[in-house]
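Peer 1: Sequence positions in the sequence shown follow the working numbering and run 448 to 953.
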Amino acid sequence: MIVATSRGDLRLWALRIGVAVAVVLLALDLVRLIGTGLRAVQYAYDLDYGEGIVWQQMINIVAGAGYAPLGLFPAIVYHYPPVYHLVVGAVAQAFGSDALATGRMVSLLSTLASIGLVGRLAFATIPAEEPGRVRLLAATIAGGCLALSPPILHWSSLMRVDMLAGAFSLAGLALTPGAANRPLRLALAALCFVLAIYTKQTSIAAPAAAFVALWLARPRAAWMLLGWCAALGLGILAVLSVMTHGGFLRHTLLYNLNRPDLSRAQIVAFAILVHIGILTIAALGVVAVCRTLRSPTVAALRGKVATDPGAFAALLMLAFLLLKTAMLPTILKSGSNDNYLIEWLYAAAAFVGIGVVPLVEAVFTGSRRPSLLLVAMMTVGVPIQAYHILVGRNPSDMTLSYAPVVERIARSTRPVVSDDMVLLIRGGQAVRWEPAIAAELGHAGVYDEAGFARLVRAGKFGFFATVGDRGDRLYDERYNPVVADAIDAAYPRRERYHDLVLHLPR
448 MIVATSRGDL RLWALRIGVA VAVVLLALDL VRLIGTGLRA VQYAYDLDYG EGIVWQQMIN
508 IVAGAGYAPL GLFPAIVYHY PPVYHLVVGA VAQAFGSDAL ATGRMVSLLS TLASIGLVGR
568 LAFATIPAEE PGRVRLLAAT IAGGCLALSP PILHWSSLMR VDMLAGAFSL AGLALTPGAA
628 NRPLRLALAA LCFVLAIYTK QTSIAAPAAA FVALWLARPR AAWMLLGWCA ALGLGILAVL
688 SVMTHGGFLR HTLLYNLNRP DLSRAQIVAF AILVHIGILT IAALGVVAVC RTLRSPTVAA
748 LRGKVATDPG AFAALLMLAF LLLKTAMLPT ILKSGSNDNY LIEWLYAAAA FVGIGVVPLV
808 EAVFTGSRRP SLLLVAMMTV GVPIQAYHIL VGRNPSDMTL SYAPVVERIA RSTRPVVSDD
868 MVLLIRGGQA VRWEPAIAAE LGHAGVYDEA GFARLVRAGK FGFFATVGDR GDRLYDERYN
928 PVVADAIDAA YPRRERYHDL VLHLPR
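#1: Can you name, in chain order, every residue of its own chain whose Cβ lies under 7 angstroms from the Cβ of GLY898, other than the five neighbours on each side?
#2: Can the beta-carbon of CYS676 be found less than 9 angstroms from the beta-carbon of ALA637?
#3: If you reduce the DSSP assignment to three classes, tell me which class ALA891 lands in.
#4: From the DSSP output, read off the bridge partner residues of LEU951.
#5: Taking Cβ positions, are ALA660 and PHE640 nearer each other than 9 angstroms?
#6: Give me whichever residues DSSP pairs with VAL864 in a beta bridge.
#7: Bridge partners for PRO707 per DSSP, in chain order?
#8: Near MET845, what residues of its chain come up, given a Cβ to Cβ distance below 6 angstroms and the 5 sequence neighbours on each side ignored?
#9: For LEU871, is the classification buried or exposed, using 16 other Cβ atoms within 10 angstroms of its Cβ as the cut-off for buried?
#10: Measuring only the C-alpha atoms, how far is GLY694 from GLY513?
#11: When the distance is taken between beta carbons, is VAL466 closer than 9 angstroms to VAL807?
#12: Which term fits ARG840, buried or exposed, when burial requires 16 or more other beta carbons within 10 angstroms of its beta carbon?
#13: Are the region 604-614 and the region 778-790 touching by the rule of at least three beta carbon pairs closer than 8 angstroms?
#14: Would you identify the three-state DSSP class for ALA522, choosing helix, strand or coil?
#15: Going along the chain, which residues of its own chain have a beta-carbon closer than 6 angstroms to the beta-carbon of GLY484, five neighbours each way excluded?
#16: Straight-line CA distance for VAL530 to VAL903?
#17: Please report the Cβ distance between VAL524 and LEU517, rounded to the nearest whole angstrom; I am assuming they are in contact, meaning their Cβ atoms lie under 8 angstroms.
#18: Taking a contact to mean a Cβ-Cβ separation below 9 angstroms, would you say ARG917 touches ASP946 in this structure?
#19: Here's the rule: buried if 16 or more other CB atoms are within 10 angstroms of the residue's CB, otherwise exposed. What is GLY579?
#20: Only counting the same chain, and skipping five residues up and downstream in sequence, which positions put a Cβ closer than 6 angstroms to that of PRO805?
#21: Less than 9 angstroms separating the beta-carbons of ILE801 and THR558?
#22: Cβ of ALA655 within 9 angstroms of Cβ of LEU770?
#23: When you compare the CB positions of ALA797 and ALA612, do they come within less than 9 angstroms of one another, or not?
#24: Buried or exposed: where does GLY732 fall if 16 or more other Cβ atoms within 10 Å of its Cβ makes it buried?
#25: Under the rule that 16 or more other beta-carbon atoms within 10 Å means buried, what is HIS692, buried or exposed?
#26: Between GLY619 and ALA643, is the Cβ-Cβ spacing less than 9 angstroms?
#27: How about the region 753-765 and the region 865-879: do they share at least three Cβ pairs that are nearer than 8 angstroms?
#28: In the DSSP output, what is TRP880 paired with across the bridge?
#29: Exposed or buried, what is GLN713 when buried is set at 16 or more other beta-carbons lying within 10 Å of its beta-carbon?
#30: Any contact of the region 873-885 with the region 497-506, i.e. 3+ C-beta pairs under 8 angstroms?
#31: Could you spell out the range, first to last residue, of the alpha helix (DSSP H) harbouring ILE588?
#32: THR623 by DSSP, collapsed to three states: which one?
#33: According to the Cβ coordinates, are ALA560 and LEU617 closer than 9 angstroms?
#34: When you compare only the Cα positions, how much space is there between ASN703 and VAL893?
#35: Applying the criterion that 16 or more other CB atoms from any shown protein chain within 10 Å of the CB defines a buried residue, is CYS592 buried or exposed?
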């Protein structure tokens, strides 16, 4: 006997299958992210230009020599505050582990924590009248969609400060709802915000968003949060300033210079393109939140966010998203990369949860008819992007060995300068000169490039190892003409090893 099935039933089951496929692919992408991170932990060499200098900064900070005055040579700039370096140093010391592997593991664990926190924040923004299973699946999708993000996949595997800073920011945001009447929770939120700022000094959007939301709901709590942040932040600043004889502010503010570069706008354009599915769903979530928060007066809005936890969480995340969007132009400078988008993607992902609610409710109950745009993005756009990430190649090649270059560095009786600074530490040398920041400071007139060029012409170095050569974008960004001319004159012989060019003396 053939059982008649209505066209509506077929559409519902097709919708359920489409959402199930998307969720499974997101789960597989998360597994891949973890696998990529664990492979990176086991890889002994550089995966990103900044890893070596962060490692050397950690060594110096733990030894009490961080944020020292900038000399002609050595010339090391400390781009960031010391929390990440201290965390990695403490963990490596406690477990006796390799510092590079430890730094990457800290980033991976921070990423996983951030995914969970985004899901938690998404859950909080979804109206409480929605069924629990709807809220849970929608929040799971919100957190899981971060696993299909190329920037998240890449930076989760690196010894860089970004993922830990993001995790602290999200932890502070997650603690903010319900903190107005709980002083200890408010203090813990402030501590997380301060730790985020002392991990990466640009992590100001999260505490600012928390202040705005609390000011509308409970002004007294907002000022208490500000007081806690000021007390903790200024106290730490005073200690660091005394310990470094003023070097901390000098390095993180005065020496942290970059030339404007409008071409970096393409990073944002590319990010929008590759995240078009989740960003479209997030935009639908923003529209839904704006409708929820719409009030005839500011007083009415205050009353709503003071009495409705979901409305408060929605306002909190909306403020965070708006602030991170306003900060996107900071990417328009030399040396910037898509790590500038990480917290913006976190903020957007939280709105995926509320954006996908009509679809999830339709899947469970069939009682709602989600928009065609939402259905298309969740059942076609997200699976395509998730599958692309799943089958695509790793962002970094973890099969290359640089052992011969490390051995060459170890044999050198003179300092070696390398774009791949991990190789220097592996070869038993310290990183004494970072090319990119020296070029920026030289261009600004803060660093004596001519003096360094004289050292190069005098043959004071064993050799130079650069990524690319003159005429290549990266090389020309890292070596201004006065230094590049000196390298050409004193180190004219060239050998290539993978992506490195070895500049050797006559």
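Idealized CB from N, CA, C, for every residue including glycine.
Peer 2: Short version:
#1: LEU519
#2: yes
#3: coil
#4: ARG940
#5: no
#6: PHE911
#7: LYS780
#8: ARG486 and TYR490
#9: buried
#10: 8 angstroms
#11: yes
#12: exposed
#13: yes
#14: strand
#15: LEU555, SER603 and SER604
#16: 35 angstroms
#17: 7 angstroms
#18: no
#19: exposed
#20: ARG815 and PRO817
#21: no
#22: yes
#23: no
#24: buried
#25: exposed
#26: yes
#27: no
#28: ALA522
#29: exposed
#30: yes
#31: 579-591
#32: coil
#33: yes
#34: 11 angstroms
#35: buried
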